[in-house]
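Working notes for the structure below.
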Amino acid sequence: MKILIVEDEPELRHVIKSFLERELYIVEIATDYESGLAKISSYSYDCILLDVMLPGGSGMQLLSKLRELDKSDSVIIVSAKDSVEDKVQGLELGADDYLAKPFHLSELLARVKTVIRRNNQHNRSDAALAFKNVRLYPEDRKLMVNGSEVLLNRKEYDLLYYFMIRPEKLVPKTSLAEAVWGDDADQADSLDFIYSQIKNLRKKLKDSKAEIDFQAVYGVGYKLV
């Protein structure tokens, strides 16, 4: 899962980024209004941590732009401004939550998990993603096939998660690379690394007798069938 931090304070930005990466999230950063706008315009995120006071503009303006783009990325406003008016404005603009500085990292993590889970329309009441005889548990990053756990590495899990929330939908290789490897993936010379990861994941699914598989669409991408 991919998170964008829009924050101009270098130390806080570094602390949050390091913490979330230890929790196995893909984390990208923007340091001002313009870089934040470029990010949200070009990419999608599972959650955006958005500061209100930014060089060149405000987090509220970015939130408005995000909704104008008709994007459903979860947004948590993270701000030193803890007034009722700011909270109301943020929520009316479409923010999912509002967290006042200073805060504990454990609370931030809990908020991130909550808004991602809430925004994932495919989640069932038992917090599992299910497709045929496969179940994926995002909270525990665990894959179960026919009731037995199948061990995945980090990238294999992230790949499968991305497909499980959009089963039977064609996923272009470029979108897949950006979602799982971050937007720096578009600078790679080729996307052959996606084929390698899909191949490894497909073998694990076959060995576990999973009823799902990846269908390749030549020159475009893959779909989970």
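Counted from 1, the sequence shown has number 231 at position 199 by the numbering used here; the numbering is strictly sequential.
Backbone N, C-alpha and C fix where the C-beta goes; we use that ideal spot for every residue, glycine too.
Rounded to whole angstroms, A162 and L82 show a C-alpha spacing of 31 angstroms. Annotated three-state conformation of E53 is helix, per DSSP. Approximately 5 angstroms separates the beta-carbon atoms of I244 and V166; this is inside 8 angstroms, confirming the contact. Distances from the CA of Y189 to each of P199, L208, L175 and R198 were compared; the closest alpha carbon is that of L175.
Note that the C-beta distance between A62 and L44 is not below 8 angstroms. Of the candidates R54, M85, S76 and M196, M196 places its Cα closest to the Cα of K164. Where R198 is concerned, there is no enclosing beta strand (DSSP E), because DSSP gives it neither an H nor an E.
A direct Cα-Cα distance of roughly 9 angstroms separates M85 from A112.
Here the alpha carbons of E200 and M92 stand approximately 36 angstroms from one another. In terms of Cβ geometry, D78 and D40 do not form a close pair [threshold 8 angstroms]. Inside the stretch 79 to 151, DSSP marks whole alpha helix (DSSP H) runs of 4 or more residues at positions 91 to 100, 116 to 124 and 137 to 151, from first to last along the chain.
For I58, the enclosing beta strand (DSSP E) covers residues I58 to A62.
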